[in-house]
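Residue numbers (the working numbering): 235 to 402.
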């Protein structure tokens with residue numbers, strides 16, 4: 235089995251869903267008011283330490299991981315669904331380094347330890363949120379914010395089981 239102790243990957247969190255501009259329309263109700271819902275939050279990207287893995291060979295060919303985008307809001311005050319998170323399993327003893335800043339994000343030292351490496355975008359607001367006593371039919375909404383995007387370097391730190399002294 236080939237042994238890989240270093241890998242470079244790209245992680246992209248999901249964008250937040252947009253808010254909705256919608257107005258209530260029902261029979262016998264001429265001016266129903268706003269009923270646009272908020273968007274859903276974007277999915278996050280997590281790293282999880284797994285003691286059953288012992289190499290980073292899985293990330294030699296699969297280098298990009300994307301979380302799901304949040305759904306847009308809908309009429310009748312329906313909030314969009316949150317995007318699904320992505321979990322990347324790495325061996326215990328992996329150090330996670332952000333290549334953009336050079337800072338160490340964390341060391342995965344225990345089985346089951348989780349580390350948030352990319353935060354999903356925040357949801358957009360629907361026109362119901364902009365209703366007031368002065369503005370009874372708001373036509374504005376906000377869009378969801380983009381999720382984090384990071385280039386990461388994964389380093390597997392190993393301890394030697396056997397040491398040799400002297401010339402072989």
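All C-beta atoms in this analysis are idealised placements derived from N, C-alpha and C, irrespective of residue type, glycine included.
Per-residue DSSP class, three states only, for residue i
i, result
"residue 300", "strand"
"residue 292", "helix"
"residue 338", "strand"
"residue 235", "Since pLDDT at residue 235 reaches only 44, below the 50 mark, its modelled position is unreliable, and the value read off the structure follows with that caveat. Coil."
"residue 363", "helix"
"residue 352", "strand"
"residue 375", "coil"
"residue 390", "strand"
"residue 241", "strand"
"residue 269", "coil"
"residue 254", "coil"
"residue 383", "strand"
"residue 368", "coil"
"residue 247", "coil"
Beta strand (DSSP E) segment containing residue i, residue limits
i, result
"residue 280", "279-284"
"residue 328", "328-332"
"residue 404", "Since the first residue of the chain shown is 235 and the last is 402, residue 404 is not available in this structure."
Residue i, buried or exposed, once every other Cβ within 10 Å from all chains shown has been counted against 16
i, result
"residue 343", "exposed"
"residue 368", "exposed"
"residue 256", "buried"
"residue 235", "Bear in mind that the predicted position of residue 235 carries a pLDDT of just 44, short of 50, making it too unreliable to give a figure here."
"residue 303", "buried"
"residue 336", "exposed"
"residue 400", "exposed"
"residue 295", "exposed"
"residue 261", "exposed"
Neighbourhood of residue i by C-beta, 7 Å cutoff - its chain only, sequence neighbours within 5 removed
i, result
"residue 323", "282, 284 and 287"
"residue 269", "256, 257, 258, 309, 310, 311 and 362"
Contacts around residue i, its chain only, beta-carbon distance under 6 Å, and the 5 residues preceding and following it disregarded
i, result
"residue 241", "290, 293 and 388"
"residue 347", "283"
"residue 267", "258"
"residue 239", "390"
"residue 379", "250, 355 and 356"
"residue 321", "280 and 282"
Sequence-distant residues of its chain with Cβ nearer than 8 Å to residue i (five each side left out)
i, result
"residue 345", "283, 284, 285 and 326"
**Study point:** Inter-stretch contact at 8 Å, needing at least 3 Cβ pairs: the segment 267-279 / the segment 288-296
**Key:** no
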